[in-house]
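Working notes, beginning with the structure itself.
There are 4 protein chains.
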Amino acid sequence: MNFCESKLRVRYAETDQMGVVYHANYYIWFEVGRSDYLRMFGMTYKDMEAQGIIMPVIENHCRYKQSAMYDDMLTVKTSIKELSPAKISFLYTLIRDADGVILAEGETVHAFISSSKRPISIKKVNPALYELFLRAKE
Amino acid sequence: MNFCESKLRVRYAETDQMGVVYHANYYIWFEVGRSDYLRMFGMTYKDMEAQGIIMPVIENHCRYKQSAMYDDMLTVKTSIKELSPAKISFLYTLIRDADGVILAEGETVHAFISSSKRPISIKKVNPALYELFLRAKE
Amino acid sequence: MNFCESKLRVRYAETDQMGVVYHANYYIWFEVGRSDYLRMFGMTYKDMEAQGIIMPVIENHCRYKQSAMYDDMLTVKTSIKELSPAKISFLYTLIRDADGVILAEGETVHAFISSSKRPISIKKVNPALYELFLRAKE
Amino acid sequence: MNFCESKLRVRYAETDQMGVVYHANYYIWFEVGRSDYLRMFGMTYKDMEAQGIIMPVIENHCRYKQSAMYDDMLTVKTSIKELSPAKISFLYTLIRDADGVILAEGETVHAFISSSKRPISIKKVNPALYELFLRAKE
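Protein chains in written order, with this note's numbering: chain A, 1 to 138; chain B, 1001 to 1138; chain C, 2001 to 2138; chain D, 3001 to 3138.
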């Protein structure tokens, strides 16, 4: 349960005139990976937001190695990199299913904030979730 | 004051591997046109939402004549087509600045709803705005 | 084989500050439906483009009935509406899986053009494909 | 001439259900900044591609400090960070015009490749452009 794999197929809308996927879209795929990762815990991000736990991206990074192309089947492999009561970060590996080649590696860092956009301690607000994250990270 | 012209330059992200702008993005430009149209009245859509007047798209249509391309300078010409207390529709003409050619013609229909997503009468909720729209339409 | 069903989950990136999916994204889902429809014939759109058969959208229309929301599981049901040697049109029904409610109904019209962007007759260029489309439509 | 300022207004489509701009869109704005930067030299990116000089993003990074919101007027301040015959990197500062607050700081790294996607030396392929970049960086 230390990582989660999401499958997706490249959409035409995601390409640009270079004939490959526009780079910013990789971050949308990472979000798909992150959503699936949370779902794996039986805790959807939708539920988290409903409970007033918001996780905005405060930093991200991506290294692009090879281009994803229209109609490619891809796997996003998501794991937790770091966790503190105030922040969480995720790692992503994007793999092309046809040949197993790694297309990109990325990272996103998130703050935990409340619905009113104040910083919160996830450890205090939802200790059970914090424990789950902690164990997943190991 | 019966129409509004918005200028925009095509972004690389808006193209697809056909080498032209992906069709769905035209609706985003129409939204830019609509926002500018409302701003022309001194009433931004941001203010309208803050006042609890939401205008979701309930129908739209576009006829694509020629392709917009990366870096093109374009004009969106926006006007009101129809108005009732429950609904409003806008017309859009997308023009390529370099030669004045019409690239697309579109239409969006919007319901007036409240923050709680109930249908409202704009005529009752904000008669002054209704009057403004009515005069603009003429 | 007269229609194709595509499953997709709503991405966070597809929502807007109304708390629902931004309307233009429905057309991207229709494209997913269209791609899957063609794949059903053993003829991917990727292959078609490689063979020099391009299908740009020349007109589209959508009627929005209820909002799609983040994390919703949806089905796009795609079928062919009309076919001629020069054009093809598709119909789409967007269904929310949780309760089977129809969220939207759309249509896209496409011209058949060559890689050099000239109109072509699909009947002449690829009679087998034209026959497949014809039978699918029935 | 060592930096370029681009003005843009936040589009509704760029927001998400958090009520702020979706993080991946910042990279699209950086691309707007980069395009304008090149245009400042009288060398548009469109021309560069036409000459067979392609600049795909091979790495990017963004630090998000405060949220951009719908209808905000923003400035993207773009400059060159590093240059070699094989690569170029740009720095971006995103500023909210209303109060001058820095919303985000980003960076993108690009390889120079040919139309056939082979690495090229910009110094050899277009020495004049390389010199321009070099002087702009100083």
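Quick reminder that beta carbons are idealized off the backbone N, C-alpha and C, glycines included.
Chain D partners of residue i, CB-CB under 8 Å?
i, result
"G2142 of chain C", "What is shown of chain C runs 2001 to 2138, which leaves residue 2142 of chain C out entirely."
"Y27 of chain A", "H3023, A3024 and Y3027"
Which stretch, first to last residue, makes up the alpha helix (DSSP H) that contains residue i?
i, result
"F1030 of chain B", "N1025 to M1040"
"E2131 of chain C", "P2127 to K2137"
"E1014 of chain B", "That residue, E1014 of chain B, is in no alpha helix (DSSP H); it is neither H nor E in DSSP."
"K2046 of chain C", "Y2045 to A2050"
In this structure, what does DSSP give as the bridge partners for residue i?
i, result
"E105 of chain A", "A:R63 and A:T93"
"T75 of chain A", "A:K7 and A:I95"
"A3111 of chain D", "D:K3087"
In chain B, what lies closer than 7 Å to residue i by C-beta?
i, result
"A13 of chain A", "D1016, Y1022 and A1024"
Go ahead and pull the three-state DSSP assignment for residue i.
i, result
"V1020 of chain B", "coil"
"K3081 of chain D", "strand"
"I2120 of chain C", "coil"
"I54 of chain A", "strand"
Residue i versus chain B: which residues are under 9 Å apart at the beta carbon?
i, result
"E2059 of chain C", "H1061, C1062, R1063 and Y1064"
"K3077 of chain D", "Residues of chain B passing the Cβ test: none, with the nearest at roughly 18 Å."
Cβ closer than 9 Å: which chain A residues qualify as neighbours of residue i?
i, result
"P3056 of chain D", "M18, V20, H23, Y64 and S67"
"I3080 of chain D", "Those within 9 Å of I3080 of chain D in chain A number zero; the least Cβ separation is about 19 Å."
Run through chain A and tell me which residues come within less than 8 Å of residue i, C-beta to C-beta.
i, result
"Y1070 of chain B", "Q17"
"Y3130 of chain D", "Near Y3130 of chain D there are no residues of chain A at all, since even the closest Cβ is about 21 Å away, more than 8 Å."
Who are the neighbours of residue i on chain A, taking C-beta pairs under 7 Å?
i, result
"K2046 of chain C", "Y70 and D71"
Whose Cβ in chain D lies nearer than 9 Å to the Cβ of residue i?
i, result
"S1121 of chain B", "Ordered by position in chain D, no residue passes the 9 Å Cβ test against S1121 of chain B, which lies about 23 Å from the chain."
What residues of chain B sit near residue i, judged by a beta carbon separation below 8 Å?
i, result
"E3031 of chain D", "R1011, Y1012 and A1013"
Would you mind telling me which residues of chain C sit closer than 8 Å to residue i, beta carbon to beta carbon, in chain order?
i, result
"S89 of chain A", "Here the premise fails: no neighbours, minimum Cβ distance about 17 Å."
Going along chain D in order, which residues have a C-beta closer than 7 Å to the C-beta of residue i?
i, result
"S1116 of chain B", "Simply none; closest approach about 16 Å."
The segment 11 to 18 of chain A touching the segment 75 to 85 of chain A, judged by at least three CB pairs closer than 8 Å: no
contact_flag[the segment 84 to 99 of chain A, the segment 55 to 74 of chain A] where n(CB pairs < 8 Å) is 3 or more: At 8 Å Cβ cutoff, the stretches touch.
Segment contact flag, the segment 3046 to 3053 of chain D with the segment 3120 to 3131 of chain D, C-beta cutoff 8 Å, min 3 pairs: yes
Cβ contact check for the segment 21 to 31 of chain A and the segment 3024 to 3031 of chain D: 3 or more pairs under 8 Å: yes
Meets three-Cβ-pair contact criterion under 8 Å: the segment 1033 to 1042 of chain B and the segment 1059 to 1067 of chain B: no
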